[in-house]
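Numbering (mature numbering (1 follows the signal peptide of the UniProt record, and there is no 0)), first residue to last: -28 to -1, 1 to 301. Heads up, the beta-carbon is just placed ideally off N, CA and C, and yes, glycines get one too. Small disclaimer: the values here were computed from a predicted structure and weren't measured. Taking it in order: structure first as C-alpha cells, then the write-up.
Listed below in C-alpha cells is the structure:
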C-alpha cells in the first residue's frame, strides 16, 4: 500500500507536467515563437515590471514577431517597423478590432461605442460618418476652439491678477471637455474654478478603467469582479449617464416647445426631423459617442497624474498635479 501511494505521489505530478507541456505545444503550433508560459499566470512574470523594456529584451531572443501568454490570454507582440507595416497596412482589416477590457462591458458600453465596436460593422461606419460630417468639421472646430481658448485665457488672467496658482492638468481637461460638450450639446459641463460632478465622475471613471484588472488576464474569473473595478465603474457610469440624460431631455424639451433647433450642435442635428442625415441614433448611442471621445483623449489616465517613473510596470501617481502661477507680461 505504501509503495502504491509513493508511486501515485510520483506519477501524478509527472502526468500534470506532461499534460501541461502537451497543451502548450499543441496550442502554439501556429503561433510565432515565444517564451514558455507558466500555468495560470502565463508570461506575466516576465513583462510585469517595465513592460516596454522587458518586451525589447524578449524580442532580441524570439524575434520581431513573438507570442506571449498574459495570464490565459494569447498575445502576439510586433516589435519592428517592417513587421508593423506588414500587419497594419496589408492585414489591417484582420487586426482592426480591439481586445475588449472587462471594465468596458459595464452597461454594455462596448456594444454602442465607436471606440470598441468592430471596425467592419455598419454601426461603426455610421458613427464614423457622423463624426466626420458633424464633429470633425474644421470650420466648426475653429469657432469652438477660439471660444474655449478665450475662456481659458480669461481664467488664467484672473489668476495672474491675484497671483494664484493654476492647475495645468485641470485647466487643460476642462478646456477640452467643454469643447467636446459644446460640439454635442452647446453647453459647458465643466468649470475652471471647481470640479463639477460630471467632471469628477469622468476623471474617476477613466482612472478606474486604467487600472490593471486581473479579469482581463484570467477571463474565467471575471464574473467575480475580484478587485471591485466593475462595481465602482458602474457607479461612475450611472452618475454620468444621469447627467447626460438630463441634458438630452432639456434639449428635446426645448426643441419640442420651439418646434425648431438652431444651435447647430450634434444633438440638434439628430433631433431635427428635416435634416437628411440618413442615420438614426438612439439615446444610448449619443451618450456613448460623447464618452468615447474623452476616453480616447485622456488615454485612460488623468494628465496631471502621469509620471515616467516605473513601479511594477505601471505609472506612479503624483500626489498633486503640475501647478504654476501665471505672470502678466
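{"Query": "Residue 11 versus residue 39 - alpha carbon distance", "Result": "16 Å"}
{"Query": "Any 3 or more C-beta pairs closer than 8 Å across the segment 151 to 168 and the segment 49 to 61", "Result": "no"}
{"Query": "Start-end ranges of the alpha helix (DSSP H) lying completely within the segment 100 to 170, minimum 4 residues", "Result": "110 to 133, 140 to 157"}
{"Query": "Sufficient close CB pairs (3 or more, under 8 Å) joining the segment 185 to 200 to the segment 74 to 85", "Result": "yes"}
{"Query": "Residue 86 in three-state terms, based on DSSP", "Result": "coil"}
{"Query": "Supposed close pair residue 35, residue 5 - CB separation, criterion 8 Å", "Result": "7 Å"}
{"Query": "Contact under 8 Å by Cβ, residue 209 with residue 87", "Result": "no"}
{"Query": "Span separating the alpha-carbon of residue 64 from that of residue 112", "Result": "31 Å"}
{"Query": "Beta-carbon proximity of residue 151 to residue 120, cut-off 8 Å", "Result": "yes"}
{"Query": "Buried/exposed call for residue 24, threshold 16 Cβ in 10 Å", "Result": "exposed"}
{"Query": "Those residues which DSSP pairs with residue 38 across a bridge", "Result": "49"}
{"Query": "Cut-off 7 Å between Cβ atoms - residues of its own chain near residue 107, not counting five sequence neighbours on either side", "Result": "155, 238"}
{"Query": "Inter-residue CB distance, residue 19 and residue 37 (contact presumed, cutoff 8 Å)", "Result": "Not confirmed; about 16 Å, so no contact."}
{"Query": "Inter-residue Cα distance where the pair is residue 174 and residue 205", "Result": "10 Å"}
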